[in-house]
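Keeping their order, the protein sequence lines are chains H and V. Our numbering puts the first residue of the first sequence at 202, with every later residue one more than the last. Our numbering puts the first residue of the second sequence at 223, with every later residue one more than the last. All C-beta atoms, glycine included, are put in the ideal place defined by N, C-alpha and C. Keep in mind that this is a model prediction, so the values were computed, not measured.
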Amino acid sequence: MSGVKQIIAVTWLNLRTVPQRLGSSAVAVIGIAGVVVVLVAVLSVAEGFVASMRDAGSPSRAIIMRSGADAEMTSGLSGPETDVIKQAPGILRDGRNLAASAELFVIIDLPKRSTGTSANVPLRGIEPSALLVRDNASIAEGRMLQFGTNEAVVGRSASRQFGGLQLGSQVKSGQITWTIVGIFEADGSVAETEIWCDARTLQGAYRRGNSYQSVLARLDTPSSFDAFKDWLTANPQINVSVRRETDYYAAQSATLARLIRSIGFGIAALMAIGAVFGAILTMYTAVATRAREIATLRALGFNAPAVLVSVLTESMALAAFGGLIGGAIAYAGFNGYQTATMNFQTFSQVAFAFRVTPALLILGLVWSLAMGLIGGLLPAVRAARLPIATALREL
Amino acid sequence: MKYLPLLWKNLWRRKVRTTFTLASIFIAFVLFGFLMTIRAAFSVGVELAGLDRLIIIHKVSLIQPLPSSYEARIAAVPGVETVANNSWFGGIYQDPSNFFAQIALEPTPYFKMYPEYRLAPEQMQAWLADRQGAVAGRALANRFGWKLGDRIPIQATIFRPKSGNGDTWEFNLVGIYDGDKGVDTTNFFFRYDYLDENRAQGEGLVGWYVVKIDDPSKSVDMAAKFDDMFTNSSAETKTTTEKGFVDGFAKQIGDIGTIMVAILVAVLFTILLVVGNTMAQSVRERTSELAVLKTLGFPDGLILALVLGESVFIALLGGSFGLLLAWLFVQQGDPTGGLLPAFILPGRDLLTGVWLMLALGLLAGAIPAAQAMRLKITDALRRN
């Protein structure tokens with residue numbers, strides 16, 4: 202028999218005997234599945250967080266803040282400054298409406314549903330052009346707020362995560378009471394965590410005079426950004442920083458995403474070591490219980506490499522099975538799981554959904570195969586080196 | 223005790239198997255140590271928070287300032303020992319990623335209120351003499367290699383200075399404060415009068431107040447009293463205990479504790495299977511041997527204890543070394559360079575770890591031990 206045929210024959214024989222060693226095989230499978238669940242689940246948190254930030258940004262939108270400010274919360278622009286900003290070239294026009302909105306970004310204390318403790322919920326004062334600027338946002342229930350009143354609309358995620366934000370409900374904050382008249386959606390992005398109200402009303406409520414924190418502008422094409430930015434930074438009347446919205450949100454998610462990822466990989470790596478030990482034990486057992494069988498095969502003329510490959514294949518097949526189970530559990534248990542956390546850059550809550558992406562599932566499978574390979578290596582060598590005569594003699 | 227050698231011998235009849243089982247348990251408890259450390263980093267602040275301290279913030283949200291005139295009114299309330307104001311500065315040191323808390327305050331009342339922050343008296347004197355003086359926590363000073371006398375420039379994000387070069391505020395490091403284990407030494411404190419005189423806007427406003435009351439049992443009544451006092455004023459307040467405040471703040475991040483425990487359950491369940499499987503195998507292999515022991519007159523209870531003892535022994539041996547390694551690692555200090563407010567492995571969690579090892583050993587050994595106990599001598603001897 203040729204080498205390849207031998208390998209296939211022995212491997213097939215091996216795999217068919219797995220059911221006889223169900224108990225110990227299950228240990229390896231479950232161990233590896235556990236690692237994959239933890240790895241994929243933790244990384245899906247980072248993935249979801251990054252996605253909610255990424256989907257919020259558009260390359261054709263620019264955010265203008267006071268120079269030196271790295272988040273809206275710490276920025277400040279006077280009313281006249283925002284008027285200057287709105288004169289910059291490249292801003293989209295829809296008839297007489299200019300796609301630029303001067304906004305305020307503050308936080309409001311509301312109870313978080315999951316814990317019942319108060320949370321910093323972002324409250325944004327907008328101008329009537331806000332929906333023209335944010336072409337990805339739209340009112341899903343109720344209606345848009347009426348400017349000049351203390352009506353407000355809330356994002357879908359905010360309504361889900363925080364108490365008292367249903368359609369028609371009233372939110373009392375300081376001396377003002379907001380009436381929720383609509384719920385808006387924005388592709389599940391970070392904007393959906395916000396409450397929107399009239400910027401002028403908010404200025405009064407938070408004693409901000411005629412001041413804003415940022416201007417969000419939609420450009421006629423993404424490529425007009427450079428000219429737009431140059432005009433603004435060269436203008437001596439104002440001292441601002443201009444960022445593409447995509448860059449702004451990418452920078453905000455970077456720190457937290459990196460932290461979650463390093464924790465996820467760290468924990469999974471340690472767990473993987475444990476799981477590899479479990480796999481080694483399983484495979485040693487498999488080799489030990491089949492010592493006579495393997496020796497018989499060798500005596501019949503099957504060569505050592507065939508035996509080696511067959512043991513490795515068994516180990517990797519078990520691992521792949523574990524990886525698939527782990528991926529399935531992670532997907533079923535965590536994909537789309539809604540949560541909210543604190544974004545320290547904006548000092549406010551960000552609601553997002555865990556995302557178990559195909560890339561993560563593939564990563565999980567790659568990890569499980571690697572664990573199977575490492576776990577099977579030593580036992581495979583042991584099997585290939587089994588001294589035929591003694592093994593046959595053993596009980 | 224006299225059976226210990228027998229136990230030891232049984233353990234090492236399959237060296238490879240025992241080694242890998244020990245290694246799995248070892249890893250599991252290293253992880254246990256790390257996860258508990260992460261959990262503690264987010265919860266230790268809550269445990270250390272004083273019950274006799276209340277935090278008064280603006281009712282609308284924490285970012286809204288309160289008038290500094292409130293201080294005198296709060297201090298006049300019977301039962302108030304000390305009042306201190308705090309203001310968040312939110313500046314940037316060199317790069318936005320070098321985040322740490324900068325808080326403007328009045329040195330004397332604040333350090334009186336927080337005896338857990340220890341500052342040498344001569345450094346306090348130097349601070350009171352220097353308006354631009356600032357003190358940093360030990361962990362923060364180590365993170366950036368600051369020494370006493372260093373001039374520290376911090377770029378403002380909220381409060382632009384009236385004078386000086388652009389957005390930059392400069393501070394003289396006049397003191398470094400220490401704290402017991404678990405006390406947050408990653409803060410940067412500077413003088414409120416320097417902030418208030420030199421900022422372009424926001425004069426006469428403070429971020430929040432901390433109030434020390436003489437009787438912790440009255441904290442709820444006192445909180446209500448403060449809030450009533452400022453009802454219908456320009457800035458209404460919300461008063462909570464410091465514990466409630468810190469706890470609520472930690473919960474804004476998410477329920478870290480639950481997540482850590484969930485991961486641990488996954489880890490320990492896996493290890494339980496590995497150890498259980500090992501014990502089952504070793505009992506199976508020793509069937510005839512166990513039968514011989516029984517023939518020699520070993521009672522059933524003793525057989526049960528021997529097998530259980532073996533699995534508990536493995537769990538304790540592997541687990542203790544794992545926990546020891548985690549503990550040693552944590553003693554080296556925070557690898558994130560001060561990102562976490564605390565980096566300790568609480569003694570209580572170490573104890574939990576030992577209990578978990580015992581539980582793991584007993585659970586994993588239970589079925590094989592019961593099988594070994596029920597073994598019929600005749601059947602077992604006949605098996606091969």
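Rounded C-alpha distance that separates residue i from residue j
i, j, result
"H/A257", "H/Q453", "11 Å"
"V/A250", "V/V505", "24 Å"
"H/V557", "V/P375", "43 Å"
"H/Q207", "H/N504", "8 Å"
"V/L567", "V/E303", "34 Å"
"V/V576", "V/R360", "32 Å"
"H/A229", "V/G267", "40 Å"
"V/Y332", "V/N307", "8 Å"
"H/S245", "V/A472", "22 Å"
"V/I475", "H/K313", "11 Å"
"H/T422", "H/A320", "38 Å"
"V/D500", "H/N215", "For the sequence presented, residue 500 of chain V should be read as Thr rather than Asp. V/T500 and H/N215: Cα-Cα distance of roughly 22 Å."
"H/V239", "H/P281", "52 Å"
"V/L512", "V/Q503", "13 Å"
"V/T243", "V/V282", "56 Å"
"H/G269", "H/S442", "7 Å"
"V/A297", "V/W368", "36 Å"
Extent of the continuous alpha helix (DSSP H) to which residue i belongs
i, result
"H/K430", "426-435"
"V/D437", "Careful: V/D437 lies outside any alpha helix (DSSP H) and carries neither H nor E."
"V/E269", "237-270"
"H/G258", "Neither: H/G258 is in no alpha helix (DSSP H) and is coded neither H nor E."
"H/W568", "559-586"
"V/L327", "Run containing V/L327: none in the alpha helix (DSSP H); it sits in the beta strand (DSSP E), 324-327."
"V/W368", "Element bounds for V/W368: n/a, residue is neither H nor E."
Bounding residues of the beta strand (DSSP E) (the contiguous stretch that carries residue i)
i, result
"V/F410", "410-413"
Burial state of residue i, where buried means 16 or more other Cβ atoms lie within 10 Å
i, result
"V/D556", "buried"
"V/I277", "buried"
"V/K516", "buried"
"H/N296", "Contrary to the premise, residue 296 of chain H reads as Gly rather than Asn in this sequence. Burial call: exposed."
"V/R413", "buried"
"V/N409", "buried"
"V/N232", "buried"
"H/P559", "exposed"
"V/I398", "buried"
"V/K440", "exposed"
"V/K403", "exposed"
"V/L425", "Reading off the sequence shown, one finds Glu at residue 425 of chain V, where the question assumed Leu. With fewer than 16 other Cβ atoms within 10 Å, it is exposed."
"V/R421", "buried"
Residue-chain proximity (residue i, chain H), Cβ-Cβ < 8 Å
i, result
"V/V252", "yes"
"V/R655", "Residue numbering for chain V in the displayed model covers 223 to 606; residue 655 of chain V lies beyond these limits and cannot be assessed."
"V/L495", "yes"
"V/T492", "yes"
"V/Y318", "Strictly speaking, residue 318 of chain V in this sequence is Pro, with Tyr absent from that position. It does; some Cβ of chain H falls within 8 Å."
"V/G583", "no"
"V/N420", "no"
C-beta neighbour in chain V for residue i, strict 8 Å
i, result
"H/N321", "yes"
"H/D310", "yes"
"H/S569", "no"
"H/A449", "Reading off the sequence, residue 449 of chain H comes out as Tyr, not Ala. Cβ-Cβ to chain V under 8 Å: no for H/Y449."
"H/Q550", "yes"
"H/I461", "no"
"H/S442", "no"
"H/V239", "yes"
"H/L471", "yes"
"H/V228", "yes"
"H/T316", "yes"
"H/V307", "yes"
"H/T558", "no"
Closer than 8 Å at the beta carbon, the chain B residues around residue i
i, result
"V/T243", "Here chain B cannot be found, since the structure's protein chains are H and V."
Would you call the region 420-433 of chain H and the region 345-354 of chain H touching, i.e. three or more CB-CB distances under 8 Å? With a cut-off of 8 Å on Cβ pairs, the region 420-433 of chain H is not in contact with the region 345-354 of chain H, counting fewer than three such pairs.
Cβ contact check for the region 305-313 of chain H and the region 403-416 of chain H: 3 or more pairs under 8 Å: Yes: the two stretches touch, three or more of their Cβ pairs being nearer than 8 Å.
Do the region 387-397 of chain H and the region 550-564 of chain H touch if we need at least three Cβ pairs shorter than 8 Å? Touching, yes, given that three or more Cβ pairs across the two stretches are closer than 8 Å.
Three or more C-beta pairs below 8 Å linking the region 388-396 of chain V and the region 247-262 of chain V: No contact exists between the region 388-396 of chain V and the region 247-262 of chain V.
Cβ contact (3+ pairs, closer than 8 Å) linking the region 537-549 of chain H and the region 294-301 of chain H: The region 537-549 of chain H vs the region 294-301 of chain H: no contact.
Please determine if the region 479-495 of chain H and the region 220-229 of chain H are in contact, where contact requires at least 3 C-beta pairs separated by less than 8 Å. Counting Cβ pairs under 8 Å, three or more are found: they touch.
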